[in-house]
Structures are given as structure tokens and as C-alpha cells.
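See below for the structure under consideration.
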Amino acid sequence: MVQADPPPGRPVASPTPRLLGSIEGSIGWLVFNKPDRHNALSRDMWEGLPPLLDALIADPTVRVIVLRGAGERAFISGADISEFETERATPEAVDRYDVMVDDTLGALARCERPTIAMIRGHCMGGGLALAAVCDLRLAADDSGFAIPAAKLGVGYRLSAVETIVALVGPSFAKEILFTARRFDAAEALAMGLVNRVVPAGELGALVRHYAETIGANAPLTIDAAKKMIAALGAPDGPDRTACDALIERCFHSADYVEGRRAFMEKRKPRFTGR
């Protein structure tokens, strides 16, 4: 296996060498590390992502998590199709595989920290599904996006379809799924699939700027916003009592006091998440 350059910061133990983790200041880095296969997702990567997320979240200094692919050619090119003959050869195996994928996507969607997908190159299939459940998607102008399920005879699960529809709406979701074609970064931006597109050489600086900006802001406020936005998609609507409690927690926090004082003293606040 081709080894990627290690991400910056202090290494974090990973369940598989195909995932790399590290902590740099307030940023947790999670790298998909299979550049020789365009970071295609193998079983150990699907299964290893939730525990690596947990390890990053366990460090109280981590305020935001950035996911990226090793190398410059791909974020993630999709699931590793070479495993399909063994991992998805029977209906029972397909069910087990799909449960594993749903569990991983759910873990990322429920991540306690804000998540940023740093996208360069191929972002296909399962890679696009992972990027879609991140909170933000920042992409280089050389990125390409596709869900090729219709070219493989693969059924796309309801949870993944729901996520795509929530991002781009039914009409664009149908175009993505029906045509299975590759969309360039400009098209992805126009349909709302990504938040920002910049020249490839500027992507690292943009991602670091976003991550450091989020990391410097009030964690309880960000947590409340993330949970309330997620609650808007609940089948019965948001639990307004729970949402009100999140707001009250902010107003009773030491960070609210610090924010007011920093504003009056014309200095940057130093938030602690308490």
C-alpha cells in the first residue's frame, strides 16, 4: 500500500493504516489513506471510521474535524468494488454490508463536532455519501462528483437518497441518480452539493481558515445550531423543549460571559465550551 504523508499534528491511534488521524490545535484530521486505489473505501475503512471519530472527539481540544483523501487525485473514489465479489455476492452479504455502511454514515452524521469534507479530485459513490453527511463541503476546482450506482446495478439506500435530496432537492437528486454521470465542481456548486469551490492550490488555506474560524467560536453555540438543524429533519418536527434547553445552556454558560466581556473590551474571546 502507498503510504500518504502523515497529517499535521499529534498522531491519533487508528484501527487501520488505511485511515490516519491526528490533532493539530483545535483541528482533528481524518485522512482516507489508500491513494494507490484513489482512496476507495474497503471494509476496514468503513468499520474503522466510527472508532477513529470517537478517538478524535475524546480529546477536548478538538473543536472541528476535517476529512480528506490522501494525495491529490481523490477524496474518495467510492466503495472498493474489488471487494464486492466477497462482500456483496449474496442478498445476505449485501444486507450486512449495507448495515455497516449505514452505521458509519450515521456515526459521521451524529458526530459531536462540526465536520468539514475537504474535497479534491474524485468524490464518487460512497465517498460522496460520506461528504454529504459532513456539515460543510469545501472543494477544489479539479473535483468531480458522481453516484454511479445506475451503471453498476447497485441499489442506493433510502438514508443516502434522503441526504442527497436534503442538499440539492428532488430534481437535482434525480439527475444525479438517473444519469450516474460525472458533475464537475462548478455544477456541484450551482446545485448546492458543495459550499465553496476554489482553485486547487487554495483549498488547503480555505479549509484551514474555515476550521480555525469554527474552532475559535463558541462551542456551545455551534453545538446548539448543529443539533437544532438536525432536529428540523425529525419525522415529527423538532423537539422545541429540547431546542429551548440548548439555548438556555448557552445563556447560562461562562462562554456567554466571556463573549460579552470580549466585545466590550474589544478583544478576541477565549471560549472554553463551558
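If you count the sequence shown from 1, position 86 lands on 69 in our numbering, and the numbers rise without skipping.
Here a beta-carbon is modelled for each residue, glycine too, at the ideal position from N, C-alpha and C.
In this structure R96 is not in contact with E55, their Cβ atoms being roughly 26 Å apart against a cut-off of 8 Å.
In the structure shown, T255 adopts coil according to DSSP, grouped into three states. Runs of the alpha helix (DSSP H) lying entirely within the stretch 170 to 231, each at least 4 residues long, are 186 to 199 and 202 to 214 in chain order. In this structure, DSSP gives E7 an extended state, which the three-state scheme calls strand. Within the model, the alpha-carbon separation for D85 versus M247 is close to 47 Å. Around the beta carbon of L135, a 10 Å sphere encloses fewer than 16 other beta carbons of the protein chains shown; the residue is thus reported as exposed. Beta-bridge partners of L135 (DSSP): none assigned. Within the model, the alpha-carbon separation for D19 versus H105 is close to 13 Å.
Contact between the stretch 194 to 210 and the stretch 158 to 172 is absent: fewer than 3 CB-CB pairs across the two stretches fall below 8 Å.
Scanning G152, A133, L141 and D124 for the CA closest to the CA of V180 turns up D124. Under a 10 Å Cβ-count criterion, H235 is classified as exposed, with fewer than 16 other Cβ atoms of the shown protein chains found around its own Cβ.
Counted as a single uninterrupted DSSP element, the stretch harbouring G(-8) is not any beta strand (DSSP E), since DSSP gives it neither H nor E.
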